[in-house]
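Asker:
Residue numbers (this note's numbering): 1 to 249.
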């Protein structure tokens with residue numbers, strides 16, 4: 001894992017823990033509700049990592065499917081409108097009060113939209129990098145466990161003993177790997193915060209062997225990190241069921 005990616009993971013963990021508020025469990029998943037929900041495009045309030053550029057569409061579609069399955073009146077805010085409103089609401093997010101400033105900006109954002117359209121709840125989703133804890137061939141983070149992907153052909157039988165040795169090395173993996181989670185922030189049209197949650201989606205990285213097959217391993221960014229619909233479905237559900245405070249413990 002690169003130093004840059006480790007640094008980004010650490011910042012994400014600190015920022016999310018700092019901005020955790022008191023959640024209301026099940027704020028968007030209660031049955032029998034006819035609340036009008038507005039969904040903001042991904043990563044309007046939190047900038048996406050460069051490694052995720054252009055890769056979020058499968059998550060977005062799963063998120064919409066989840067909300068629509070709750071029998072809700074779901075509207076989607078266009079990205080142009082969302083980014084224009086966010087620029088107006090957003091102060092300079094720097095210094096030790098960055099997390100507080102982000103919370104206040106989201107409140108202004110929700111109130112700003114309410115001037116132009118009637119709604120009850122706003123869902124602000126973001127893809128964030130999170131450190132996954134390796135346990136052999138698996139990694140766990142934010143309520144999910146995923147098998148660690150491997151580069152095609154790495155453990156092919158054509159390598160014989162080398163392949164078996166490689167498999168044993170993979171089984172013994174320990175440390176951290178980059179995962180991607182869905183962070184959701186839910187507010188009312190008056191700007192009050194209702195809920196904040198976090199659920200693991202899938203791993204951003206896969207294992208690759210060193211060129212000399214010397215037993216050393218490294219990670220590289222996956223070309224298609226969101227190719228498993230079941231993983232996305234589970235992660236979206238967990239984001240709406242696991243309050244942020246619980247997710248960080």
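Using N, Cα and C, we set each Cβ at its ideal position, and we do this for glycine too.
1) Do three or more CB pairs link the segment 52-65 to the segment 224-240 at distances below 8 Å?
2) Report yes if the C-beta distance between residue 79 and residue 125 is below 8 Å; otherwise report no.
3) Does the segment 133-140 come close enough to the segment 180-198 to have 3 or more Cβ pairs within less than 8 Å?
4) Residue range of the alpha helix (DSSP H) that residue 61 falls in?
5) With respect to the beta strand (DSSP E) encompassing residue 54, which residues constitute its N-terminal and C-terminal limits?
6) Could you name the residues of the same chain whose beta carbon sits closer than 7 Å to that of residue 259, not counting the 5 residues immediately before and after it, in chain order?
7) Do you know offhand how far residue 46's Cα is from residue 151's?
8) Taking only the alpha-carbon atoms, compute the straight-line gap between residue 198 and residue 187 and give it to the nearest angstrom.
9) Based on the DSSP secondary-structure assignment, which residues constitute the bridge partners of residue 219?
10) Classify residue 179 as buried or exposed, calling it buried when 16 or more other Cβ atoms lie within 10 Å of its own Cβ.
11) Could you round the C-beta distance between residue 148 and residue 139 to whole angstroms and report it? I think they count as a contact, below 8 Å.
12) If we call anything under 8 Å between Cβ atoms a contact, is residue 204 one with residue 51?
13) Along the chain, where does the alpha helix (DSSP H) containing residue 105 start, and where does it finish?
14) Can you give me the Cβ contacts of residue 161 inside the same chain, cut-off strictly under 8 Å, excluding the 5 residues immediately before and after it?
15) Would you call residue 54 buried or exposed, if buried means 16 or more other Cβ atoms sit within 10 Å of its Cβ?
16) I need the straight-line Cα distance from residue 207 to residue 176, nearest angstrom please.
17) If you count every other CB in all the chains shown that lies within 10 Å of the CB of residue 242, and 16 or more means buried, which is it?
18) Helix, strand or coil: which one does DSSP assign to residue 244?
19) The alpha helix (DSSP H) spanning residue 82 covers which residue range?
20) Under the three-state reduction of DSSP, which class applies to residue 40: helix, strand or coil?
21) Label residue 196 either buried or exposed according to how many other C-beta atoms from any shown protein chain fall within 10 Å of its C-beta, with 16 as the threshold for buried.
Answerer: According to the structure data:
1) yes
2) No; because the gap between Cβ atoms is not below 8 Å, this pair is not in contact.
3) no
4) Counted as a single uninterrupted DSSP element, the alpha helix (DSSP H) harbouring residue 61 occupies residues 57-68.
5) It is not in any beta strand (DSSP E) - residue 54 carries neither H nor E in the DSSP assignment.
6) This structure cannot settle anything about residue 259, because the visible part of the chain is limited to 1 through 249.
7) 30 Å
8) 15 Å
9) 207
10) When all chains shown are included, residue 179 counts as buried.
11) Residue 148 to residue 139, Cβ: 6 Å. Contact.
12) Yes; because the gap between Cβ atoms is below 8 Å, this pair is in contact.
13) 98-114
14) Only weak support is given to the placement of residue 161: the predicted model assigns it a pLDDT of 48, under 50, and the value that follows is read from those uncertain coordinates. Answer for residue 161: no residue qualifies.
15) exposed
16) 12 Å
17) buried
18) If DSSP states are grouped into helix, strand and coil, residue 244 belongs with the helices.
19) 79-89
20) coil
21) So residue 196 ends up on the buried side.
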